[in-house]
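So for the sequence shown, the numbering used here puts the first residue at 1; every next one is plus one.
Working notes, beginning with the structure itself.
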Amino acid sequence: MNRAMIIGTGSALPTRVLDNAELERMVETTDEWITSRTGIKTRRIAGAGEETSKLATAAARRALVMAGITPIELDLILVGTITPDMTMPSCACLVQKELKATRAFAFDLNAACSGFLYALDVADKYIRSDPKLKIMVIGAETLSTRVDWQDRNTCVLFGDGAGACVVTGNHQRHGSDPGEGLGDDAGKDKAEDDQKKETRPGADEDERGYLGAKLYADGNLWELLHLEGAPGRNPDLSRADHNSEPSIKMYGPEVFRHAVRAMADAVDKVLIEQGVSVKQLCLIIPHQANIRIIHSLGEHLALPLEKVYVNVDKYGNTSAATIPIALDEANRQGRLAAGDLLLLCSFGGGFTWGASLIRW
């Protein structure tokens with residue numbers, strides 16, 4: 001069966017690291033308060049030249065190198081983001097320009113923290129109709145531009161970053177090994193990865209790739225987690241109470257309850273649909289919003305912690321970028337072997353949520 005297969009991953013993070021000690025000097029909070037409630041110790045904050053499109057482009061370049069293809073071979077660029085550089089053109093078009101991917105059409109998806117999962121599912125639908133397509137799927141955010149830095153309940157949560165993957169049909173030419181041609185310590189990691197990796201049952205090309213997803217939305221709950229745009233100029237549609245400097249608004253306890261229940265339900269349903277048991281999963285990469293949510297999901301699934309990927313402590317919540325950043329890290333660390341069953345799940349404003357199952 002034709003299905004999307006990930007052949008390269010990449011990620012990019014801003015240079016600046018904002019730790020909890022610095023936040024203690026900015027708002028009324030403490031490292032202990034932040035860590036105990038969120039699990040976050042540091043997050044990355046974008047600076048000059050690190051706009052969403054630039055981070056997305058950097059992540060895409062790394063994914064292209066791993067995939068062993070050039071930008072001109074791309075047919076489509078999809079970017080999941082709620083923090084594009086501008087309203088028009090799309091972030092995806094700016095990435096297309098920077099990559100010089102002149103053959104690719106490009107557009108953004110707005111599904112908040114579920115943006116990467118939505119985009120990956122869209123890519124799979126294109127590839128099932130034409131398996132020769134090569135598609136760049138990106139999740140990228142600069143949430144620091146939309147945070148109220150005087151609100152201790154939200155400013156401690158968010159960070160900036162981008163993750164990307166190249167997907168094509170599972171019967172097409174596959175990419176290079178993780179780390180190949182990437183510099184830094186990737187070569188050393190690759191040698192170690194080669195020793196650790198093995199081929200799992202189900203690694204035949206017919207069985208590998210994007211198996212399916214269960215994706216959902218409920219607009220009735222939008223007010224619990226939202227970010228308003230700039231005030232409109234149409235006097236008939238303007239609101240007197242519109243915030244002239246919009247920032248993320250979140251009602252934490254309600255979001256927590258919905259997030260855990262919704263993600264667990266989506267995970268259960270995609271596993272049932274694909275005839276897979278929790279014990280067969282090799283790795284789960286949940287949205288990195290809050291360590292309590294991650295642990296609650298792990299407990300629901302009765303998964304050992306070593307099978308649940310966590311990096312929220314380093315980067316905070318980067319919305320649509322959390323899953324692709326974690327996916328790239330796990331891939332380069334040798335956590336994924338051909339045939340492994342990988343589960344991705346997320347929850348975000350909208351509300352949007354879902355789970356995707358992949359055989360690596």
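Glycine included, every Cβ here is placed at the ideal spot set by N, Cα and C.
Based on the DSSP secondary-structure assignment, which residues constitute the bridge partners of residue i?
i: C345; result: P286, A355
i: N317; result: F158
i: H226; result: K249
i: L18; result: R43
i: C165; result: T9, V137
i: V308; result: I284
Taking the alpha-carbon of residue i as reference, which of the options has the nearest alpha-carbon?
i: T168; options: D124, E207, G159; result: D124
i: W360; options: C93, C282, R103, E245; result: C282
i: G275; options: R146, V166, Y216, I358; result: I358
i: L221; options: R44, G298, G348; result: G348
i: A355; options: A217, K249, R335, L305; result: A217
i: M86; options: P71, T70, T52; result: T52
i: G229; options: T29, S319, V147; result: V147
i: R335; options: S319, N317, E306, G350; result: E306
i: A259; options: G212, E24, I291; result: I291
i: Y309; options: C91, I248, P84, I284; result: I284
i: I323; options: Y118, L225, N170, E98; result: Y118
i: N153; options: K279, C93, T30; result: T30
i: E254; options: K279, I293, A240; result: I293
Since I believe residue j is in contact with residue i (beta carbons under 8 Å), could you give me their beta-carbon distance rounded to a whole number of angstroms?
i: V95; j: I77; result: 6 Å
i: A289; j: A164; result: Rounded, the Cβ-Cβ distance is 20 Å, inconsistent with contact.
i: I40; j: V156; result: 7 Å
i: T81; j: E141; result: 6 Å
i: G47; j: R16; result: 6 Å
i: D328; j: G10; result: 6 Å
i: G350; j: A56; result: Actually they are not in contact, since the Cβ atoms of G350 and A56 sit about 21 Å apart, beyond 8 Å.
i: P286; j: D160; result: No, P286 and D160 are not in contact; Cβ-Cβ is about 20 Å, not under 8 Å.
Buried or exposed for residue i, please, with buried defined as at least 16 other CB atoms from any protein chain shown within 10 angstroms of its CB.
i: T38; result: buried
i: I272; result: exposed
i: Y251; result: exposed
i: S36; result: exposed
i: I7; result: buried
i: R363; result: Nothing in the structure corresponds to residue 363, since the chain is present only between 1 and 360.
i: T352; result: buried
i: G412; result: This structure cannot speak to residue 412, because the chain is shown only from 1 to 360.
i: M5; result: buried
i: S238; result: exposed
i: P235; result: exposed
i: D19; result: exposed
i: F105; result: exposed
i: P84; result: buried
i: D184; result: Annotation note: pLDDT 45 at D184 (below 50); position unreliable, no value reported.
i: E192; result: Only weak support exists for where E192 lies, its pLDDT of 44 falling under 50; the coordinates are left without a value.
i: G181; result: With a pLDDT of only 38 at G181, under the threshold of 50, the placement of this residue in the model should not be trusted; the figure read from the coordinates follows. Result: exposed.
Does any residue of chain D have a CB that is nearer than 8 Å to the CB of residue i?
i: P14; result: Among the protein chains of the structure shown there is no chain D, as only one such chain exists.
Beta strand (DSSP E) containing residue i: first to last residue?
i: Y216; result: 209–217
i: G10; result: 4–12
i: L76; result: 76–80
Residue range of the alpha helix (DSSP H) that residue i falls in?
i: L281; result: Segment: none, L281 is in no alpha helix (DSSP H) and carries neither H nor E.
i: A106; result: That residue, A106, is in no alpha helix (DSSP H); its beta strand (DSSP E) goes 105–109.
i: G252; result: 252–274
i: V378; result: Examination of residue 378 is not possible in this model, given that the chain is present from 1 through 360 alone.
i: D124; result: 115–129
i: E32; result: 31–38
i: E98; result: 91–99
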